[in-house]
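Structure record follows, encoded as structure tokens.
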Amino acid sequence: MEFSYEKAEKRLRKELDPGRYRHTMGVSYTAACLAMVHSGDVEKAQIAGLLHDCAKCISNDKQIICCRKAGIVVTDFERKNPFLLHAKLGSYLAETVYGIKDSEILNAITWHTTGKPRMTLLEKIIYIADYMEPNRYKAPNLAEIRRLAFQDLDQCMYQILEDTVGYLKKDPKTMDVTTEAAYQFYKQKVKKEG
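The sequence shown begins at 0 in numbering that gives the first Met the number 0 and counts up by one.
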């Protein structure tokens, strides 16, 4: 099966609720813009942005069942916080339903929620675009994050992760260890470069 952006967009318009669809299109657009500025692959960024939340509107219970059927490992933490599973399941659906074979795109979808240390350019672009696309307005420091996104991706990752970890520490049971590891990694990277 060959991927078609237009067909995928039409399918997502039907499968996602209107707010999620609007967000998805904002991420796809923002990711393409960031790829242009940072010499990334614009087409891959657009596709990963389009598909990053393709599993988001599947119920938590159904996501767990789908992961089990697909052989996707679900950690105890993810079982307790199933909203995180849409990233792994989304990567699987991007490959099996939408025909994506490119591992860069699939990995960017996988890591767009938690982040991780040593992210690739595309992984950072999707993580950041998801956080700051034009329809987002609740996150703290958005103006600063949007400015940083077009200047320094690592500094932007650090700022987003610092804000995220600060928020999640209010209830440490909701913080994935991968997010904490990503935060520590980008904190050190920015301090070394600064």
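Positions of the beta carbon are idealized from the N, C-alpha and C atoms, including for glycine.
Test item: CB-CB of residue i and residue j under 8 Å
i: I104; j: G89; result: no
i: A181; j: L147; result: no
i: I144; j: Y130; result: yes
i: D175; j: L83; result: yes
i: G98; j: E1; result: yes
i: P25; j: E132; result: The question names Pro, but residue 25 in the sequence shown is Gly. It is a contact, given that the beta carbons lie within the stated cut-off.
i: L120; j: H51; result: no
i: K79; j: C66; result: no
CA-to-CA distance, residue j to residue i, given in whole angstroms
i: R21; j: L15; result: 9 Å
i: C32; j: F149; result: 9 Å
i: R135; j: T112; result: 15 Å
i: G241; j: Y91; result: This structure does not reach residue 241, given that the chain is present from 0 up to 193, and the question cannot be answered.
i: A69; j: K100; result: 16 Å
i: G114; j: F184; result: 11 Å
Supposed contact pair residue j and residue i - C-beta distance, whole angstroms, cut 8 Å
i: Y4; j: I64; result: So it is not a contact: roughly 29 Å between Cβ atoms.
i: P139; j: D170; result: Their Cβ separation, rounded to whole angstroms, is 17 Å, which puts P139 and D170 out of contact at 8 Å.
Counted within 10 angstroms of its Cβ, other Cβ atoms place residue i as buried (16 or more) or exposed
i: S27; result: buried
i: Q62; result: buried
i: A142; result: exposed
Residues of its chain near residue i, where Cβ-Cβ distance is below 7 Å and the 5 sequence neighbours each way are ignored
i: A30; result: A44, Q45, A47, G48, I124, I125 and A128
i: A34; result: D40, V41, A44 and I124
i: E122; result: N106, A107 and W110
i: R12; result: Y20
Contacting residues, own chain, Cβ-Cβ under 8 Å from residue i (five flanking each side not counted)
i: C56; result: E14, L15, D16 and R19
i: L167; result: T173, M174 and T178
i: Q154; result: L147 and V189
i: N59; result: P81, F82 and L84
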